Each structure stands twice: as C-alpha cells, then as structure tokens.
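Trainee:
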Amino acid sequence: MPLLKNEAIIKELYTRVEGEDTLPDRGAVLVDLARWQADRSALIARGSEIGVRLTSAEAPEAIADDLSQLSLVALEFPAFTDGRAYSYARLLRERYGFQGEVRAVGDVLLEQLHFMHRSGFDCFEFSSDQPEEDWIIAQADMKVWYQPTGDKRPTATQLRRR
Amino acid sequence: MYEYDEFDADFVNQRALQFGRQVESRLSGKLSEDQFRPIRLMNGLYLQLHAYMLRVNVPYGCLNSAQMRKLAHIARVYDKDYGHLTTRQNMQFNWIKLSDMPEILLELASVEMHGIQSSGNCIRNITADEYAGVAAEEIEDPRVYCELLRQWSSLHPEFSFLPRKFKIAVTGSEKDRAVVKAHDIGLRLHRNENGEEGFEVFVGGGLGRTPFIGKSIRAFLPTEHVLSYCEAILRVYNQLGRRDNKYKARIKILVHEMGSEAFSELVEKEWAEIKQGALALPQAEIERVREFFAPPAYEALPEEDPDFEAQRKAEPGFALWARQQLAAHKRAGYAIVNVSCSPVGKPPGDISSAQMEGFADLADTYNFGEMRVTHNQNLVLTDVRKRDLFDLWKKLVALGLATANHGLIGDTICCPGLDYCALATARSIPLAEKISERFADPERQAEIGEIYLNMSGCINACGHHHVGNIGIVGVDKKNTELYQLMLGGSAEEDASLGKILGPGFDEDGIVDAVETVINIYIDMREPNEKFIETYRRLGPEPFKDRLYGAPA
Ligand code: SF4
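Listed in order, the protein sequences are those of chains A and B. Each residue of the first sequence is one higher than the one before, counting from -9 in our numbering. Each residue of the second sequence is one higher than the one before, counting from 10 in our numbering.
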C-alpha cells in the first residue's frame, strides 16, 4: 500500500514483524506493542530504528516512557469510524512530545486525511490510485480552523487577535 | 446575536463547496455509500423512509429574520413548502434531493447557516435556554459560551468520529428550559459565593433506550475553562466509550458503567494537563463575543401598559392568549412571547413557508429582527413591548400562529414517527393530532393547567417521552402499533424519568387513557397543584387502578 509523507510517496523503511515472527538480521522494524514490551532490550541492541504499532484499543500511555527509543508509532484505524487514534495522535505529539513519525494505518481514506493531519499524523498508509492528488484535494477544502492542536495551523481566534 | 466575520463566513462556504465535491464523488461512484454516509450525516443529511431529510442548525435556537426567510425559500423551492422544528431547536426539511444539496448549502451559507454536525457521531448543535438574555430570573446569558463552544466544536479534528453522537446544552437560569440533565454534557451557568461566573457540569444524561439523568461532576468551573474542560470530557469519552455496541456507545453508559466518580477523576486528571493550554479563554475573547449579545436598544417604559390592560378586558381571545403565552421579561414594559407551533389537530412543530415569512416580518416589526426556536418545537419573540402585544396577536391570528396552549396539554412534543422516520415502530404525529383534538377546548386546557405531554414513535425517544409529565412511546407488538403510557417525568430543574404504567394501548385506547389520567388528576388534585406535583404526592397507584382495574 502506498505510503504518503510530506506530500510525496515514500519508500517503506520498516519491516513489519507480526506477533512472534523472527526479526530480520538488520534494518528498521515495526513491531506490535506486546513484542516491544517482551523484547525491548533485544530490539534496542539491534541498533536499528524501531517502530511500534498500536491497535485502537492500545493507548500510547503504554509507550510514553519509551518514546526516545522509537522513531515511528503506527496507529490503527480498524474502521474509519473508530476515532480513538485521533486522541492517541494528539497525546503522542502534544502530551508526550513525540517528534518521530506518527503513521495512520488501516482504514485510511481521503476524507479523513485532514483531520488526521490536524491531530498530528504525518504519514499515511492508504489505498488510493492517486495518493498525491488525494492529499492535495484533502488539504484544499478547509482553510479555517477553530481548534488549537499541535499542528501549528493558526486558529480563527488567534488570527482575530492579530 | 452573533454575526459571522470573514473567518466564519469562509468556513461555511468552504464546507459547502467541499460537500459539493463529495456529492460528485458519490454520484460518480468514487465514494461508496458506506464511505459517503458519515460525510452526508456530518452535513446534516439523513436518508429517511421516503426521501433525504436535511437538518439545518439553528445555533442555540437563535435566528434572525433574513435566516427565517431563507428557510422559507428553501422549503418552497426544494421541499414541500414547509419545515419542521425539532426538539434540538433546529429546523428540518423532509423531502430533499441529494443533487440539490450543494446548492442548498450555499444558499444557507449566504445567511450564515449550515447543517454541519447536525447529525453523525460528533458534537451536535449546542442548545440553550430559549429565553437566554431576557428571562427575568436569569443569572447570566449563556449564549456567549454557546457561541464559543460552537466554534470549538466545529469540525473538531479529534472528535469527529466519536463512539456516538454528543449533545451539549447550556442554561444560565434557575429554571431549566434547556433540559441540561438530559444531555451528554449539561452546563449550568451560575455565580459562586464570591460572585464569580462559573458552570456546574453535568455528564451522562440522555434519553433513548436507556435513559439517565446527568450526574453533576463539578460544582463550579470558572468560565475561562469551559472549552478545556469539555475537551477533557470528550477526550476521555473518545478513548473509553464503548464501540462494540451502538446501543451502549453514548457517554451515559460509560459514566454509568464506571461510576460518575471514577469518570470525573479521569476528566480532572486530563483537564489538569490541558487547562493552562491554548484553550484557556482570555477575558478579552469572552468580552469580544459577549458584545454580540448586548441587549438591543430597549426603550425606558413603565412596567404596566394601560392599553394592554384595556385590550385584554375588551377581547377575551387576546386575554386567553396573553395569559398563556407571555413570560416575564428582564426589562420593564417588555414581554417574552411564546408562539405555539402546535395548533389543534396539526403536526407539532410544522411551519409553512408563508408562516415563516410572515413571522420574519413580525420579528422585524416588533422584535429587533430576531427570534428563537425552542426545544418544545415552538417559536419565541424575546423582546416585545407590551403596548405592541395586541397588534402582534392579531397578526399571529392571521398567520395561524396564535394558539394559546403554551405549557398545556395541547403543546405536545412529538417526534416525526412512522410518517417519516426509518427507525419508527409507530406513528406519533397522528396521535398527537388526535390528543390535541380531544383537548381542543382552550378553557378545558387552561383548567387542566401546566402539563407536559411528550411522545416518541419508538424507544429512541426523540420526542423526550421519559421526561414528559405524561409520556407516550410507540412499541411494536406482533405487528400492531401499540402505545405505552408513562407518568411522572420532568425536564426541569427537578428532572425525573417517567415510569411505565402498564400494558400498552392501541391508538384510540391511548387517547382515552390520557383523558382518564387527566380526569383522575382533576378529581384528586389539591388547590393550585400541578399535575406533576399531584403525581408525586399520590404515586402511580390511583392511575393504575383506574386504567387497569384495582388488584383483587
Ligand atoms: S423516537 Fe424513534 S420514531 Fe421518533 S424520530 Fe426518533 S427514532 Fe424516529
């Protein structure tokens, strides 16, 4: 599935390691929360970048103290109507100060991209035959924002005060 | 009232154009119906039994005459020449074509209106006391905070895919006309012992299948924190609210299952993290918004108007209407005028294009060009000089809007039911019409006195039947429509839920049953006792015994 980051398609750097599967010899890996918690030291000892993938039932509090070891947190949308990961992304960015990649995975659709970006996601794994065009469409619609989030877009209230 | 600036205007225009693009994607098949559904819902468009229904937000019930004329225009051009006032102070149109929607939204945007978040699992239109700013007993005007909440909740990126819909109501009066304890969040504006403004915060109220009265989780929240506190509540709910079962997904179930104390602890913990952040409201921002709600240019008038007294003596119809429909105003010489949209034998809350336009003219002539929609599906003129009341009444009579049944049995709350609604199990509008015909005599209604009769076409309770003094709900038993009767509900400060009295009745039977209940009340009431007071004193037994026969 195409990965979109900073308005462009990027190459997948991480090898997805599901459940108990063996780790590749080298290179960045993306593991589940349970694997991270079980194999923490072994994963760090590999010396490569680590990503953790959280299901929508796993709040990022579980990895809040580990974030300095991680370069990617992937948050799942099992269905686009399950909005828990919006809160998780904001907490990662605004509460825990995570600077790495926050990736939206699962049921990721054009019509939700803007909300995701506003909440702190910066990478999107979504099935589209024209992801870059979709990104432009998704960002072009709305240009007025009322909520202060970590995305630094100026809110209407802030602009009024200028 | 609030006026859009360039930001607000751009916002609704952009949103209308965006929906135009989305409708195109749907029509071309790029969006599936499953993907399109939440998008159209978040723009106020439902698919009902026979057609699309568009729900237009009336922000906390406030409308101006230009907006009302636009609603009339939409009803005439795109619908069947009428609209319907809802229990959430909105207006809905029942016969909309999908292909007309982009155009309708642009028309609405031109008068600062829209359907954003009038449906869907997001924060819905904020509702408020319909007498906000004018009620004699008001502590503070809640509209300032309604507007701040409206902006904060508009396309909130974090809270647009909640477990379920989310409703917030605000009041600033002792008397609760906003039913704050039947909302996901209810905010009661009051002053503490130091004279500072703040909110009592209720969460987890709601009707529907599993009704709950909201729990107070904070006695005093300084007003500058209202946005951050709501954000904290929503953030807890968004993460922990149940998503496995749509009937258990409202915040009331979460609060009930974990207990309001445990819930409030989580909220306080979350709030402590964000209260000093970007959502804290600077006093200057509160004042900026407050200016929009500055009182209109009232005249200095004596409290009593001699002509008004004389006109009432001369014209009994006017006297009856004035006795029933007026409420006390803050300012001397002014009155609050309740305008009933539940005439005898007609669907409660329906209003024709001609009535909308005529009413807009009256608002311009007598009420500074503004009006309100109430959760009882009626209209209000908030600032009428007493000396104008007689003229106003004559014009209301001509418009068919002078029914004198405010707070009486004819003024029912009623959901659309099986005539429109895809979820209904029974019809509710024809029943409301029958009941209002049974009690058509205004003298008889006045003799019965204050009573609230609410009815819903199914257990989803859009007609608020649990909090009606008399509640009626349609149930489906072996493919026949039956109606259950409940008594003892209240939507006011002393909010309570009604209890089912016994087995259901058919359509004629329920009308008789209501009449029997009323007759028992009249027989047994003490002087000046309202229906709800008599019921609370006697309990259900006398009513049960007469309706179902005394136990042997
Ligand atoms: S109460 Fe039931 S019938 Fe009435 S509008 Fe709501 S869902 Fe429809």
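All C-beta atoms, glycine included, are put in the ideal place defined by N, C-alpha and C. Everything numeric in this text was worked out from a predicted model, so none of it was measured.
Looking at the strands, I want to know which residues DSSP matches up with LYS486(B).
Mentor: DSSP lists THR489(B) as partners of LYS486(B).
Trainee: With DSSP as the reference, please indicate the residues paired to ILE83(B) in a beta bridge.
Mentor: BP columns for ILE83(B) are empty, so no partner.
Trainee: Going along chain B in order, which residues have a C-beta closer than 7 Å to the C-beta of THR147(A)?
Mentor: Near THR147(A) (Cβ distances below 7 Å), the residues of chain B are GLU294.
Trainee: Under 7 Å Cβ to Cβ from TRP125(A), same chain only, skipping five residues before and after it: list those, please.
Mentor: So the list reads LEU(-6), GLU(-3) and LEU103, once near-sequence residues are dropped.
Trainee: Note the first and the last residue of the continuous alpha helix (DSSP H) segment covering TYR86(A).
Mentor: Counting along the chain, TYR86(A) falls outside any alpha helix (DSSP H), and DSSP gives it neither H nor E.
Trainee: Tell me the residue span of the beta strand (DSSP E) that contains ILE127(A).
Mentor: Run containing ILE127(A): none in the beta strand (DSSP E); it sits in the alpha helix (DSSP H), 121 to 130.
Trainee: Any chance you could list the beta strand (DSSP E) runs of at least 3 consecutive residues sitting entirely within the segment 421 to 467 of chain B, in chain order?
Mentor: Runs of the beta strand (DSSP E) inside the segment 421 to 467 of chain B: 462 to 465.
Trainee: Using a Cβ cut-off of 9 Å, which residues of the segment 90 to 105 of chain A contact any Cβ in chain B, in chain order?
Mentor: If the cut-off is 9 Å between Cβ atoms, the segment 90 to 105 of chain A has LEU99, LEU100, GLU101, GLN102, HIS104 and PHE105 near chain B.
Trainee: Could you check if SER74(B) is buried or exposed, using at least 16 other CB atoms within 10 Å of its CB as the buried criterion?
Mentor: SER74(B) comes out buried.
Trainee: For ILE468(B), which residues of its own chain have a beta-carbon under 7 Å away from its beta-carbon, when the five flanking residues on both sides are left out?
Mentor: Within the same chain, ILE468(B) has close Cβ partners ARG218 and VAL482.
Trainee: Give the residues from the segment 161 to 190 of chain B that approach chain A closer than 9 Å (Cβ to any Cβ), ordered along the chain.
Mentor: Hits within the stretch, in order: TRP161, SER162, SER163, LEU164, HIS165, PRO166, GLU167, PHE168, SER169, PHE170, LEU171 and PRO172.
Trainee: May I ask which residues mark the beginning and end of the alpha helix (DSSP H) holding ILE113(B)?
Mentor: Looking at the DSSP string, the run of the alpha helix (DSSP H) that includes ILE113(B) is 110 to 118.
Trainee: Assuming GLU139(B) contacts GLY70(B) (C-beta within less than 8 Å), just tell me the rounded distance between them.
Mentor: Correct: roughly 5 Å between the Cβ atoms.
Trainee: For PRO111(B), return the contacting residues in chain A, with the cut-off set at a CB-CB distance below 7 Å.
Mentor: What PRO111(B) touches in chain A: nothing, since even the nearest Cβ is about 13 Å away.
Trainee: Does the beta carbon of LEU36(B) fall short of 7 Å from some heavy atom of ligand 1?
Mentor: Incorrect: LEU36(B) has no Cβ contact closer than 7 Å to ligand 1.
Trainee: Measuring CB atoms only, is the segment 182 to 197 of chain B touching the segment 205 to 225 of chain B, in the sense that at least three cross pairs come out at less than 8 Å?
Mentor: Because the criterion of three Cβ pairs below 8 Å is met, the segment 182 to 197 of chain B and the segment 205 to 225 of chain B touch.
Trainee: Assuming the contact rule is C-beta atoms closer than 8 Å, ALA441(B) and HIS473(B) should be a hit. Round their C-beta distance to whole Å, please.
Mentor: Not really, about 13 Å apart at Cβ, beyond 8 Å.
Trainee: Say yes only if the C-beta of LEU432(B) is nearer than 7 Å to one or more non-hydrogen atoms of ligand 1, and no if none qualify.
Mentor: LEU432(B) Cβ: within cutoff of ligand 1.
Trainee: Taking the runs of the beta strand (DSSP E) that are 3 residues or longer, which of them lie wholly in the segment 489 to 537 of chain B?
Mentor: 489 to 496, all fully within the segment 489 to 537 of chain B.
Trainee: Since ASP420(B) meets chain A, which of its residues come closer than 8 Å, beta carbon to beta carbon?
Mentor: Residues of chain A passing the Cβ test: none, with the nearest at roughly 37 Å.
Trainee: Could you give the first and the last residue of the continuous alpha helix (DSSP H) run that contains MET106(A)?
Mentor: It spans 100 to 109 - the alpha helix (DSSP H) in which MET106(A) sits, taken as one unbroken run.
Trainee: Which residues bound the alpha helix (DSSP H) around ILE34(A)?
Mentor: Looking at the DSSP string, the run of the alpha helix (DSSP H) that includes ILE34(A) is 30 to 35.
Trainee: In this structure, what does DSSP give as the bridge partners for LYS(-5)(A)?
Mentor: DSSP, once it has assigned bridges, lists ALA(-2)(A) and CYS113(A) as partnering LYS(-5)(A).
Trainee: Can you give me, in chain order, the residues of the segment 113 to 139 of chain A that have a beta carbon less than 7 Å from any beta carbon in chain B?
Mentor: Answer set for the segment 113 to 139 of chain A: ASP131, MET132, LYS133, VAL134, TYR136, GLN137, PRO138 and THR139.
Trainee: For GLU308(B), does the count of other Cβ atoms within 10 angstroms reach 16, so buried, or fall short, so exposed?
Mentor: Label assigned to GLU308(B): exposed.
Trainee: Would a check of beta-carbon distances place ARG74(A) closer than 8 Å to chain B?
Mentor: It does: the Cβ of ARG74(A) has a partner Cβ on chain B nearer than 8 Å.
Trainee: Considering ARG64(B), what are the terminal residues of the beta strand (DSSP E) in which it resides?
Mentor: Looking at the DSSP string, the run of the beta strand (DSSP E) that includes ARG64(B) is 61 to 65.
Trainee: Looking at GLU379(B) and MET72(B), is the spacing between their C-beta atoms short of 8 Å?
Mentor: Met is not the amino acid found at residue 72(B); the sequence shown has Leu there. Result yes, Cβ atoms of LEU72(B) and GLU379(B) sit closer than 8 Å.
Trainee: Restricting to Cα atoms, I'd like to know which of LEU99(A), LEU82(A) and ASP97(A) is closest to GLU91(A).
Mentor: Here the closest residue by C-alpha is LEU82(A).
Trainee: Counting pairs of beta carbons, one from the segment 247 to 264 of chain B and one from the segment 282 to 302 of chain B, are three or more of them closer than 8 Å?
Mentor: Verdict: no, contact absent.
Trainee: What does the alpha-carbon distance come out to for the pair THR374(B) and TYR238(B)?
Mentor: Those two C-alpha atoms are separated by around 41 Å.
Trainee: Closer than 8 Å by C-beta to LEU23(A): which residues in its own chain qualify, once you throw out the five before and the five after it? Chain order, please.
Mentor: Same-chain partners within the cutoff: VAL42, ARG43, LEU44, THR45, GLU48, ALA52 and ILE53.
Trainee: How is ARG545(B) classed by DSSP in three states: helix, strand or coil?
Mentor: It is helical.
Trainee: Could you tell me the boundaries of the alpha helix (DSSP H) in which PRO47(B) lies?
Mentor: Taken as a continuous stretch (DSSP letters only), the alpha helix (DSSP H) holding PRO47(B) covers 42 to 50.
Trainee: Confirm the yes/no value for this check: CB of SER437(B), any heavy atom of ligand 1, distance under 7 Å.
Mentor: Result yes, Cβ under 7 Å from ligand 1.
Trainee: If you follow the alpha helix (DSSP H) that ILE242(B) is part of, which residue opens it and which one closes it?
Mentor: Here the alpha helix (DSSP H) through ILE242(B) covers 235 to 249.
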